[in-house]
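Take the sequence shown: its letter number 10 is residue 13 in the working numbering, and every next letter is one higher. Worksheet: one structure, shown below.
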Amino acid sequence: MVFLARTRSGLREALDLATVAGGAVSCSAAAISENGFRSHQGVPLTRFSDSISFAHVEDIARAIATIDEHHPGVRIWLEQHETRAGSNE
Numbered sequence: 004m005v006f007l008a009r010t011r012s013g014l015r016e017a018l019d020l021a022t023v024a025g026g027a028v029s030c031s032a033a034a035i036s037e038n039g040f041r042s043h044q045g046v047p048l049t050r051f052s053d054s055i056s057f058a059h060v061e062d063i064a065r066a067i068a069t070i071d072e073h074h075p076g077v078r079i080w081l082e083q084h085e086t087r088a089g090s091n092e
């Protein structure tokens, strides 16, 4: 499985989950700095070169397509949370 994280907190959570469940993590550029990415060790991590906006369906679709190219047939989990109003962000 591959976890797709878009925020720093989501990335921390995804890395923890991938450590336990196995798999890899892909993340938005906003989730980790280039230096942080270069020094990362452990769970396989891919950093997109730009930020992924989950408010734009096209961004999500591109990210999923890219992950699917590198991990064909693997389940992809997306970071998403509810806003205060109860709608998904």
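C-beta: ideal position from N, C-alpha, C; glycine also.
Secondary structure within the stretch 17-85: the beta strand (DSSP E) runs of 3 or more consecutive residues, fully enclosed, are 27-30, 48-50 and 79-81 (chain order). Per DSSP, the beta bridge partners of L7 are S29 and L81. Rounded to whole angstroms, the gap between the alpha carbons of G39 and L81 is 21 Å. Between A24 and M4, the C-beta spacing is below 9 Å. When rounded, the separation of the alpha-carbon atoms in T69 and R15 is 21 Å.
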